[in-house]
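Residues in the sequence shown are numbered from 1 upward in steps of one, following our numbering.
Ideal Cβ positions, reconstructed from N, Cα and C, are used throughout, including at glycine.
Only a predicted model underlies this, so the values are computations on that prediction, with no experimental measurement involved.
Let me begin by presenting the structure, written as structure tokens, before commenting on it.
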Amino acid sequence: MKNDFPDPEQPVIEIPQPPEEVVILMHEINQHQHKRQFLYENVEEQLDKLYRDINAGLFGEQAKTGEFFTHIHTIKSQITKVENIEEKKAQLEQLMSGE
Numbered sequence: 001m002k003n004d005f006p007d008p009e010q011p012v013i014e015i016p017q018p019p020e021e022v023v024i025l026m027h028e029i030n031q032h033q034h035k036r037q038f039l040y041e042n043v044e045e046q047l048d049k050l051y052r053d054i055n056a057g058l059f060g061e062q063a064k065t066g067e068f069f070t071h072i073h074t075i076k077s078q079i080t081k082v083e084n085i086e087e088k089k090a091q092l093e094q095l096m097s098g099e
């Protein structure tokens, strides 16, 4: 039977939590990626779409009409990158470096 109580002989390791400002900035910087990843299909499905497009002879500008491109383009159009992302990254870097 497993004992769920901490062992008094073992030191308790406390993991420091980042400041709330850091957490908020990280969320703002990464939120579009997380939302997109949720909507992208698995890699196997994406490769199937790409294969079908290639098999249909869709190259160059024609490829923009294929399953793969339209699927990815729709998601990227609906969930755009965060505005001023570079500024937010610089703010985060400054917070992380302690300046």
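A distance of 7 Å or more separates the beta carbons of D53 and E41. The DSSP-derived three-state label of G98 is coil. Between T80 and H32 the beta-carbon gap is near 7 Å, inside 8 Å, which marks them as a contact.
If you check the CB distance, L25 and I75 do not come in under 7 Å. Beyond the five residues adjoining it in sequence on each side, L92 comes within less than 8 Å, by CB distance, of V22, L25, M26, I29 in the same chain, given in chain order.
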